[in-house]
Ligand SMILES: [Zn+2]
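In my numbering, the protein residues as written are 2 to 204.
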């Protein structure tokens, strides 16, 4: 399995192409469909996922999905937020297991940044959208955010294996990186550390 990161658009959104044999899963395609298609380079798209419905993660995706005849997976709570027509979406509810082509995906519902925010686990790779960044978490001061739920979601992610590779929605790390591991974040991410501390105290 191979993960390719494309940084697209004026907000530095990360689109991920996960490749296995001649198939791909595309996560958060937005802003530049030509670039995404170029990088797919003829791979068969087994599934498309949105980590959440904010506009910068779904921008300009509609013609791409229609052309591929693929419906994108999104958590039900973020369907309206995405502003996308329902007929190009495959909403699911909460934690889910999804199989597509040769891929087995585990979806962790991680609300907080938005109600329908999810993390997508494929093998040892976790795509966290705007829930978890290197050294940070997503904003929780937005209309559909909930700081308490974010804290619980971060606590939940901290229980994953430490060597889980994390790929986030923007390059917000110190050196502009978007990738990290659960182990590194458990050690140095103050938001995750505080979430763990609070839950251990039973808060
Ligand atoms: Zn967002």
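Built from N, CA and C at the ideal position, the CB exists for glycine as well. This one's a predicted model, so the numbers in the text were calculated from it and none came from an experiment.
Could you give the C-beta distance for residue i and residue j, rounded to a whole number, given that I count them as a contact under 8 angstroms?
i           : j           : result
residue 155 : residue 183 : That pair is no contact at about 11 angstroms.
residue 82  : residue 55  : 7 angstroms
residue 24  : residue 44  : 6 angstroms
So, are the CB atoms of residue i and residue j less than 8 angstroms apart?
i           : j           : result
residue 153 : residue 53  : no
residue 192 : residue 137 : yes
residue 116 : residue 85  : no
residue 60  : residue 32  : yes
residue 76  : residue 110 : yes
residue 165 : residue 174 : no
residue 4   : residue 19  : yes
residue 177 : residue 15  : no
residue 50  : residue 71  : no
residue 104 : residue 28  : no
residue 30  : residue 65  : yes
residue 2   : residue 124 : yes
residue 179 : residue 101 : no
residue 167 : residue 188 : no
residue 10  : residue 79  : no
Looking only at DSSP bridge pairs, what is residue i linked to?
i           : result
residue 180 : 168
residue 133 : 138
residue 127 : 122 and 167
residue 186 : Residue 186 is not bridged to any residue.
residue 73  : 49 and 90
residue 1   : No statement about residue 1 is possible, as the shown extent of the chain runs from 2 to 204 and does not include it.
Using 10 angstroms around the beta-carbon of residue i, count the other beta-carbons present and answer buried if the total reaches 16, otherwise exposed.
i           : result
residue 1   : Any answer about residue 1 is impossible in this case: the structure gives the chain only from 2 up to 204.
residue 22  : exposed
residue 118 : buried
residue 144 : exposed
residue 139 : buried
residue 151 : buried
residue 148 : exposed
residue 88  : exposed
residue 190 : buried
Just checking residue i against ligand 3 - is the residue's beta carbon closer than 7 angstroms to any of the ligand's heavy atoms?
i           : result
residue 199 : Absence of ligand 3 from the depicted structure is noted, with ligand 1 being the only ligands included.
*Could you tell me which uninterrupted beta strand (DSSP E) segments, each at least 3 residues in length, are contained entirely in the stretch 85-125, listed from first to last along the chain?*
The qualifying runs are 90-93, 97-101, 104-110 and 119-123.
*asked:* Threshold first: 3 residues or longer. Then list the beta strand (DSSP E) segments lying entirely within the stretch 13-50, N to C.
replied: If one requires a minimum length of 3 residues, the beta strand (DSSP E) runs lying completely within the stretch 13-50 are 14-21, 24-28 and 45-50, in chain order.
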